[in-house]
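Undergrad: Just so we're aligned, residue 5 is where the sequence shown starts under the working numbering, counting upward by one.
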Amino acid sequence: MSETTPAVGAARTARLVGDLGEARPAYRALADALRVAVADGRIALGSRLPSERELTGALGVSRTTVSRAYDVLRESGYLVSRRGSGSLVTLPDGVRHRGTTGLFPADPREDVIDLTCAATRAPAGVVEAYERAVGRLPCYLSGAGYLAFGVPELRETIAARYTARGLPTTADDIIITSGAVAGINVVTSSVVGHGDRVVVENPGYPNTLEVLRRAGARLTALPMDPDGWDVHGAVATVRSAGARAAVLVPDFQNPTGALMPDEDRARLAAALHRAGTTVVVDETTVEVDLDGGPMPLPFAAHAPSAVTVGSASKSHWGGLRTGWLRAPRGGVSRLVESRAASDLGAPVLEQLVLLELMRSAPGITDERRLDLRASRAALLGALAEHLPDLTAVPARGGLSLWCELPADLPSTRLAVAAEDAGLLVAAGPRFAVDGGLERRLRLPHVLPGEAMAEAVRRLAVAAAAVRADRGRARPRPSRPRGRPLVA
Ligand SMILES: Cc1ncc(COP(=O)(O)O)c(C=O)c1O
């Protein structure tokens, strides 16, 4: 057995499973409870489950129940048992996306609808943009192609976009990265040390939370209300946290879609400045304004030393894998130095493609906006029809609905059941800083209307399955027993 394989002890596993109550068959209930604990990250992938004998003792059930539950997990791809290594937690092929780390789409499968990621297909005109970009490529071929700061014309175009949004910027303030997450990694490795405190929104974007956790940051949550930031509370948190950095997504926040008003930006920026906290603003979703209206100034207009992270993934196409960092006053040189340890720059051709796309539309096109609004309307319509007790309030922008679930539909259980119904979704706890959020589910509206409706029909099938399971597991009123499988 490997010295480094993390183990989940029998007592802890029993606590995670909870009381199986009168659920029948008991082995199935135990297997389901373990699947849920893996899905919401309470049992880490790769960790070793207790032996059948140990778990039998800790749960006070029969050995057959545990051994049949482990059989079910092995057959469904959640467990591999190797002689000498015990039973290790894994995920079935095709649902590896659901793990316990950041979000990424599963390998495409025709019969599965994947709503794990809030990202759309490419807009019209991408092929033509590639063709024009290839035409420009010869100018770059005489050089080595390592453009540590990025293609100069793209840096200028991005700087001009900031200036047009009310934040004067020059090309010297910009470096091009391989997307926003890559940019967040660069800033994190340059600013955040092991053990440093970092303020983040709760719920927040899972991949950013994961970058910070892996850097050894201690996370302090800024709670989000249903309609946005509680700025009074946020200012108090910032004051008391003494954090090294804060990562904020003020423009159509992922997953809530909230947009921070100008006066709140000013207050929060002032508090962060007084606390000496480095501000990192992730603007990946800023261009996904679906309903329109005046936009607040970029957060960095209130926080002049902030580092801003940008991306083409939502404004144009994720497949470009292109983003950028804006850091004023020579800050970009420090970031380029820090990045050199892991990455020497983004591909030239994709930068030229983005340049072409931004020249025709700096943000999402009107056509894309209409498509996204139609998908959102289809999603809302299907939810009202098939899951009327789920609450979904559309935000002005962003790519998802941050839905509130009824109390009898815990998000992780619903996500696990949805998988069986051919739908992949990211459960609420995936967006949580310190656990919780079982009453929330993120539903991206990124597919055509008919696919959104079909996704909801599958979600409704999953909801019915969860409720049927609970009905079976519910203790008789005369003999109340223990807590539910998922709190
Ligand atoms: C807030 C936020 N940051 C970063 C990303 C990832 O961006 P990229 O694809 O550019 O790495 C996303 C994607 O959903 C996001 O919503």
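Ideal Cβ positions, reconstructed from N, Cα and C, are used throughout, including at glycine.
For the alpha helix (DSSP H) that contains D370, what are its first and last residues?
TA: Taking the first residue of the sequence shown as position 1, residue 370 is located at position 366. Residues 370 to 390.
Undergrad: In the DSSP assignment, the beta strand (DSSP E) including I117 goes from what residue to what residue?
TA: Position 113 of the sequence shown, counted from the start, is the residue given in the question as residue 117. Note, I117: beta strand (DSSP E), 117 to 119.
Undergrad: Take every Cβ of the segment 379 to 386, pair it with every Cβ of the segment 455 to 463, and state whether three or more of those distances are shorter than 8 Å.
TA: yes
Undergrad: Please indicate yes or no: does the CB of N258 lie closer than 6 Å to some heavy atom of ligand 1?
TA: By 1-based counting over the sequence shown, the position of residue 258 is 254. Yes, since a heavy atom of ligand 1 falls inside the 6 Å radius drawn around the Cβ of N258.
Undergrad: Would you list the residues sitting across from P448 in a DSSP beta bridge?
TA: Here the question's residue 448 lines up with position 444 in the sequence shown. P448 pairs with S404.
Undergrad: Below 8 Å CB to CB, which residues in the same chain sit around R461 once its five sequence neighbours on both sides are set aside?
TA: Residue 461 sits at position 457 when you count from the first residue of the sequence shown. Within the same chain, R461 has close Cβ partners A386, H390.
Undergrad: Out of D295, T282, S317, A467, which has the shortest C-alpha to C-alpha gap to D200?
TA: For the purposes of this step, residue 200 is taken as residue 196 along the sequence shown, with counting starting at 1. Among D295, T282, S317, A467, the Cα nearest to that of D200 is on T282.
Undergrad: Which same chain residues, not among the five before or five after R169, have their C-beta less than 8 Å away from its C-beta?
TA: Position 165 of the sequence shown, counted from the start, is the residue given in the question as residue 169. Annotation for R169: M299, L301, P302 place their beta carbon closer than 8 Å to its own, counting only its chain and skipping 5 residues before and after.
Undergrad: Return the first residue and the last residue of the alpha helix (DSSP H) that D424 is part of.
TA: Here residue 424 refers to the residue found at position 420 when the sequence shown is read from its first residue. Here the alpha helix (DSSP H) through D424 covers 415 to 424.
Undergrad: Rounded to whole angstroms, what is the Cα-Cα separation between S346 and S194?
TA: As a working note, residue 346 is residue 342 in the sequence shown. As a working note, residue 194 is residue 190 in the sequence shown. When rounded, the distance between both Cα atoms is 12 Å.
Undergrad: Assign P230 to buried or exposed, taking buried as 16 or more other Cβ atoms, counted over all protein chains shown, within 10 Å of its Cβ.
TA: Here the question's residue 230 lines up with position 226 in the sequence shown. It counts as exposed.
Undergrad: Does the beta carbon of T288 fall short of 6 Å from some heavy atom of ligand 1?
TA: In the sequence shown, the residue the question calls residue 288 occupies position 284. Yes; taking the cut-off as 6 Å, the Cβ of T288 has a heavy atom of ligand 1 nearer than that.
Undergrad: If we count Cβ pairs, one from each stretch, closer than 8 Å, do we get three or more for the segment 134 to 152 versus the segment 118 to 126?
TA: Under the three-pair Cβ rule at 8 Å, the segment 134 to 152 does not count as touching the segment 118 to 126.
Undergrad: Skipping 5 residues on each side, what residues in its chain have a beta carbon closer than 8 Å to that of A274?
TA: In the sequence shown, the residue the question calls residue 274 occupies position 270. Same-chain partners within the cutoff: H306.
Undergrad: Determine the direct distance from the alpha carbon of L428 to that of H101, and round the result to whole angstroms.
TA: Residue mapping note: residue 101 aligns to position 97 of the sequence shown, counting from 1. Residue mapping note: residue 428 aligns to position 424 of the sequence shown, counting from 1. Any reading at H101 is ruled out, since the residue's pLDDT is 42, under 50, leaving its predicted position unreliable.
Undergrad: Classify G371: buried if its beta carbon has 16 or more other beta carbons within 10 angstroms, exposed otherwise.
TA: Within the sequence shown, the letter at position 367 stands for residue 371. The sequence shown places Glu at residue 371, rather than the Gly named in the question. The residue in question, E371, is exposed, as its Cβ has fewer than 16 Cβ neighbours within 10 Å.
Undergrad: Looking at C-alpha atoms only, which residue of V253, A73, L376, L59 is the closest neighbour of A33?
TA: For the purposes of this step, residue 33 is taken as the residue at position 29 of the sequence shown. Of the listed residues, the one whose Cα sits closest to A33 is A73.
Undergrad: For the alpha helix (DSSP H) that S71 lies in, which residues bound it at each end?
TA: As a first step, residue 71 is located in the sequence shown; it is residue number 67 there, counting from the start. Here the alpha helix (DSSP H) through S71 covers 67 to 79.
Undergrad: Is the segment 162 to 180 close to the segment 325 to 336, with three or more CB pairs under 8 Å?
TA: By the Cβ test, the segment 162 to 180 is in contact with the segment 325 to 336, since at least three Cβ pairs between them sit closer than 8 Å.
Undergrad: What does a CB cutoff of less than 7 Å around R16 pick up in its chain, not counting 5 residues either side in sequence?
TA: Residue mapping note: residue 16 aligns to position 12 of the sequence shown, counting from 1. Excluding sequence neighbours, R16 sits near nothing in its chain.
Undergrad: What is the rounded straight-line gap between the Cα of L1 and the Cα of A148?
TA: Since the displayed the chain opens at 5 and closes at 491, residue 1 lies outside it and no answer follows.
Undergrad: My understanding is that G183 touches S317, with C-beta atoms under 8 Å, so please give their C-beta distance in whole angstroms.
TA: If you number the sequence shown from 1, residue 183 lands on position 179. If you number the sequence shown from 1, residue 317 lands on position 313. G183 to S317, Cβ: 6 Å. Contact.
Undergrad: What residues are listed by DSSP as bridge partners for T181?
TA: In the sequence shown, residue 181 corresponds to position 177, counting from 1. Here T181 is bridged, per DSSP, to G327.
Undergrad: Is any non-hydrogen atom of ligand 1 found closer than 6 Å to the C-beta of S315, if you look at the structure I gave you?
TA: The residue given as residue 315 occupies position 311 in the sequence shown. Closer than 6 Å to some heavy atom of ligand 1: that describes the Cβ of S315.
Undergrad: If you drop the 5 nearest sequence neighbours on each side, which residues of the same chain put their C-beta closer than 7 Å to that of Y134?
TA: As a working note, residue 134 is residue 130 in the sequence shown. For Y134, the CB contacts under 7 Å within the same chain, skipping 5 residues up- and downstream, are V357 in chain order.
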